[in-house]
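These notes are about the structure you will find just below.
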């Protein structure tokens, strides 16, 4: 509404400058609101201290809302602001400020997602798993992956894809462990990380499994 009034009331030569000032106010307050929510969300990501402390996903809800706000801001920028500043130097100034502020917000969201991944990873390392338990964990990680994919972050998708592959180490037959460890998803990980998950298996100390992971422990 403010930009529409700006278009109606401003002289043509003053319109880009007035539009930029209005957009600056909108951008500053909107990003402040989003950043505050994201920072609060990061603090809701728990550091698991006990086995009964199951990670929660409030942060995903906050990130989803932040993404919606950013999407609406981008649409407002294109539909309403751009026509008022496109033929002036104010166009680049508005674009650059928007990009700078949104990049900073994206970095905060990324930090929160990285923390959430670390919490899930550390939580999983607290347990020992038989076949049934491993299947439950894989189902849980699948649900987390569904949430993550809605955020369209290639890096975070990759982290959770690797976590899913690590969880498969809890379930595969001992004779297939070496093949899975050298598969595309896990080949780039340190052996110590692979062994950390294999050691969570309830059959870890059986001779059959020990023979299957000689290449990893040598």
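Numbering (my numbering), first residue to last: 25 to 242.
All residues carry an ideal CB built from backbone N, CA and C; glycine is no exception.
None of the values given here were measured: they were computed from a predicted structure.
Residue range of the alpha helix (DSSP H) that residue i falls in?
{"i": "residue 52", "result": "39 to 68"}
{"i": "residue 116", "result": "114 to 148"}
{"i": "residue 174", "result": "No alpha helix (DSSP H) holds residue 174; DSSP gives it neither H nor E."}
{"i": "residue 90", "result": "82 to 100"}
{"i": "residue 32", "result": "26 to 33"}
{"i": "residue 179", "result": "178 to 192"}
Can you tell me whether residue i is helix, strand or coil according to DSSP?
{"i": "residue 228", "result": "coil"}
{"i": "residue 166", "result": "helix"}
{"i": "residue 76", "result": "Reliability fails at residue 76, whose pLDDT of 48 lies under 50, so the model's placement of it is uncertain and the value that follows must be treated cautiously. It is coil, neither helix nor strand."}
{"i": "residue 220", "result": "helix"}
{"i": "residue 209", "result": "coil"}
{"i": "residue 106", "result": "helix"}
{"i": "residue 200", "result": "helix"}
{"i": "residue 235", "result": "helix"}
{"i": "residue 36", "result": "coil"}
{"i": "residue 195", "result": "coil"}
{"i": "residue 214", "result": "coil"}
Using DSSP's beta-bridge definition, name the partner residues of residue i.
{"i": "residue 153", "result": "225"}
At least three beta-carbon pairs within less than 8 Å, the region 39 to 49 to the region 124 to 131 | no
Contact between the region 164 to 171 and the region 97 to 106: three or more CB pairs below 8 Å?
-> no
Are at least three pairs of beta-carbons, each pair with one atom in the region 185 to 201 and one in the region 209 to 220, less than 8 Å apart?
-> yes
Sufficient close CB pairs (3 or more, under 8 Å) joining the region 219 to 237 to the region 193 to 207 | yes
Mind the definition here: the region 109 to 129 touches the region 154 to 164 only if three or more C-beta pairs lie below 8 Å; say whether that holds.
-> no
Indicate whether the contact test is met: 3 or more Cβ pairs, each with one atom in the region 106 to 117 and one in the region 132 to 147, closer than 8 Å.
-> no
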